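Numbered by the numbering used here, the letters in the sequence shown go through residues 27 to 169 in order.
Glycine is no exception: its CB is placed at the ideal position from the N, C-alpha and C atoms.
Please read all numbers here as calculations on a predicted model, not as lab measurements.
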Amino acid sequence: MDRKLLIAAILVFVVVSSILYNFYGKPKELKEEDLVKVSYGNVQVTAMYLNPKYPELTKPTFYFRLDTHSGDLYIYDIANGTTLEVNGKNFAPVSWKEDEKSWGHHRIGILEFPEEALEEIKRSGKFRLVVKLESERVLEWEI
C-alpha cells in the first residue's frame, strides 16, 4: 500500500509540476530572428546575441560582423567603437576576438562585455548594441 501511495504521489507531483512549468515557468521560445539583428547601410552590421543558445557563457557575448562592397573595414575600431547599453548603463567590450577569415570587406569576430552587463540583461531583458561607423548604428534586443 505504501508503495502504491508513493507512486501515486510521484505521478501527481510530475503532472502538477509539468502544468505549472508550462503555464508559469516556461522560458520564452526564442527564434533565430530574436537573437540576430541587422543594420543596413554602406556597411552592413550583423550581431547575434549568443547567450540564450550557450547558457554556459558568463559574459554577454555576440557574434559580430561587418560587411561592405567597397572600402576598407579596418578603418573601424570595433572594440573602441561599440557599446552595450542596458538599464541606462553603458558597457565597453572586454574583448574582441577577430576571426582569421576577416579581410577588408568582411570583418567577423566575437565581442564580449563584462559579466556585470549580463546581470543587467537578465534583470531587464532589453538592451542595445551601439556601433560607431560612418554613422551610429543601434541594434536592439528584447529577450
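query, result
"Cβ neighbour criterion (16 or more within 10 Å) applied to V42", "Because the pLDDT at V42 is just 46, under 50, the model does not fix this residue reliably, and the value given afterwards should be weighed accordingly. The residue is exposed, with fewer than 16 neighbouring Cβ atoms inside 10 Å."
"In DSSP terms, what F139 is bridged to", "According to DSSP, F139 bridges with nothing at all."
"Residues near D93 by beta carbon distance below 6 angstroms, same chain, minus five either side", "Q70 and H132"
"Three or more C-beta pairs below 8 angstroms linking the region 145-161 and the region 95-108", "yes"
"Contact under 7 angstroms by Cβ, V112 with S150", "yes"
"Close Cβ partners of K63 (< 6 angstroms) along its chain, the five nearest in sequence each way excluded", "A73 and L165"
"Whether K79 touches E138 by CB criterion (7 angstroms)", "no"
"Limits of the beta strand (DSSP E) - the one that E162 falls within", "E162 to E168"
"Under the three-state DSSP convention, the category I104 falls into", "coil"
"E59 (DSSP reduced to helix, strand or coil)", "helix"
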